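Undergrad: I'd like to ask you about the structure that follows.
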Amino acid sequence: MVLLAAVALTTLIASGATRLRFTALAFFAVSIAANVIAAGATTAAQAAVLAVAGLAASGILFVAARDGEYGEDPGWRLWVATLIAVVATPAAFASFRTITADVPELALFPSDNATVVVQVAAFWLLSSGTAILVTARGAVRTSLGALLMLTGVQLLMRYAPGPQLELTIAVAWVEVVVALTGAFLIVNERAVRE
860 MVLLAAVALT TLIASGATRL RFTALAFFAV SIAANVIAAG ATTAAQAAVL AVAGLAASGI
920 LFVAARDGEY GEDPGWRLWV ATLIAVVATP AAFASFRTIT ADVPELALFP SDNATVVVQV
980 AAFWLLSSGT AILVTARGAV RTSLGALLML TGVQLLMRYA PGPQLELTIA VAWVEVVVAL
1040 TGAFLIVNER AVRE
């Protein structure tokens, strides 16, 4: 539960940030928290690839800000996105979770193979990213929503059958490309405003 709280809190901090540089740093915290949650269900190589992808995506957005003042005030959009995520996460978990006869473990500090924690964190990130995309007004929040969704996909793909390193590398590249696209949109949006 502590790890789920860390993912939820860092996601809310990233979503509520009004400055792009702080959003980028908070997204890196989300990425690290997600990797810590899935550490028991992944190899060291996969964790390293995803940590580097999170660092690269955060760095790209941090540099795209150009200064500490640029950002986007989420305003009421933060509350609507959070409400959507709070409603969608349990619905998604109940609908799409792995079907097993095992009783879910909800300990304060889960064991290494607690799939319920990984799945709930993944559904939280997917629903939060979707909700941010639905309520986004500009490129800053759109980029954040897309990156959160990719982080949720990274958690869910831990349960894909077969070797996963190639899939992990592919999704990590997609995360970097999304960050580059977001940076391009942010720079263009800023140029139009100035």
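To convert, note that position 90 of the sequence shown is 949 in the working numbering; the numbers rise steadily by one, no gaps. Glycine included, each C-beta is placed from N, C-alpha and C at the ideal position. Since the structure is predicted, the reported quantities are computational estimates derived from the model, not experimental observations.
Report all residues from its chain with a CB closer than 7 Å to the CB of L937; omit the five preceding and five following residues, and keep chain order.
TA: For the purposes of this step, residue 937 is identified with residue 78 of the sequence shown, where counting begins at 1. The answer, listed in chain order, is S874, G875.
Undergrad: Kindly list the residues whose CB is nearer than 7 Å to the CB of D971, restricted to its own chain and excluding five residues on each side of it in sequence; keep chain order.
TA: Translated into positions along the sequence shown, residue 971 becomes position 112. For D971, the predicted model reports a pLDDT of 48, less than 50, meaning its position is unreliable and no value from the coordinates is stated.
Undergrad: What residues in its chain sit with their C-beta under 7 Å from that of V1046, if we drop five residues either side in the sequence?
TA: Walking along the sequence shown from the start, residue 1046 turns up at place 187. So the list reads A923, once near-sequence residues are dropped.
Undergrad: What would DSSP say about A876, mapped onto helix, strand or coil?
TA: In the sequence shown, counting from the first residue as 1, residue 876 sits at position 17. A876 falls in the coil class under three-state DSSP.
Undergrad: Use the C-beta contact count for F982: other C-beta atoms within 10 angstroms, 16 or more gives buried, fewer gives exposed.
TA: Residue 982 sits at position 123 when you count from the first residue of the sequence shown. With 16 or more other Cβ atoms within 10 Å, it is buried.
Undergrad: On the three-state DSSP scale, how would you describe T901?
TA: Counting from 1 along the sequence shown, the entry for residue 901 is found at position 42. T901 falls in the coil class under three-state DSSP.
Undergrad: Rounded to the nearest angstrom, what separates E931 and A906 at their Cα positions?
TA: Numbered from 1 along the sequence shown, position 72 holds the residue referred to as residue 931. Numbered from 1 along the sequence shown, position 47 holds the residue referred to as residue 906. Each residue's Cα considered, the two are about 31 Å apart.
Undergrad: Taking the Cβ atom as the reference point for each residue, do A916 and L1014 lie within a distance shorter than 8 Å?
TA: Here residue 916 corresponds to residue number 57 of the sequence shown, with the count starting at 1. Here residue 1014 corresponds to residue number 155 of the sequence shown, with the count starting at 1. Taking 8 Å as the Cβ cut-off, A916 and L1014 do not qualify as a contacting pair.
Undergrad: Can you tell me where the alpha helix (DSSP H) holding G1004 begins and where it ends?
TA: Working through the sequence shown from its first residue, we reach residue 1004 at position 145. G1004 -> alpha helix (DSSP H) spans 998–1015.
Undergrad: CB L1044 to CB A904, shorter than 8 Å?
TA: The residue given as residue 1044 occupies position 185 in the sequence shown. The residue given as residue 904 occupies position 45 in the sequence shown. Contact flag unset, no.
Undergrad: Consult DSSP for A924 and reduce its assignment to one of helix, strand or coil.
TA: In the sequence shown, the residue the question calls residue 924 occupies position 65. Coil, per DSSP.
Undergrad: Could you check if V1070 is buried or exposed, using at least 16 other CB atoms within 10 Å of its CB as the buried criterion?
TA: The requested residue 1070 is not part of the displayed model; the chain covers only 860 to 1053.
Undergrad: Alpha carbon to alpha carbon, how far is F887 from A947? Give it in angstroms, no decimals.
TA: Stepping through the sequence shown from its first residue, residue 947 is reached at position 88. Stepping through the sequence shown from its first residue, residue 887 is reached at position 28. In a straight line, the C-alpha of A947 is about 23 Å away from that of F887.
Undergrad: Report, in whole angstroms, the separation of the C-beta atoms of A940 and T994, which I expect to be a contact under 8 Å.
TA: The residue given as residue 940 occupies position 81 in the sequence shown. The residue given as residue 994 occupies position 135 in the sequence shown. Correct: roughly 5 Å between the Cβ atoms.
Undergrad: Is it the case that the Cβ atoms of V979 and F952 are separated by a distance below 8 Å?
TA: As a working mapping, residue 979 is identified with position 120 in the sequence shown. As a working mapping, residue 952 is identified with position 93 in the sequence shown. In contact: V979 and F952 (Cβ atoms closer than 8 Å).
Undergrad: Exposed or buried, R1017, counting other C-beta atoms within 10 Å across all chains shown (16 or more means buried)?
TA: The residue given as residue 1017 occupies position 158 in the sequence shown. Per the 10 Å Cβ criterion, buried.
Undergrad: For a test of the three-state rule: what should DSSP assign to E931, helix, strand or coil?
TA: As a working mapping, residue 931 is identified with position 72 in the sequence shown. E931 falls in the coil class under three-state DSSP.
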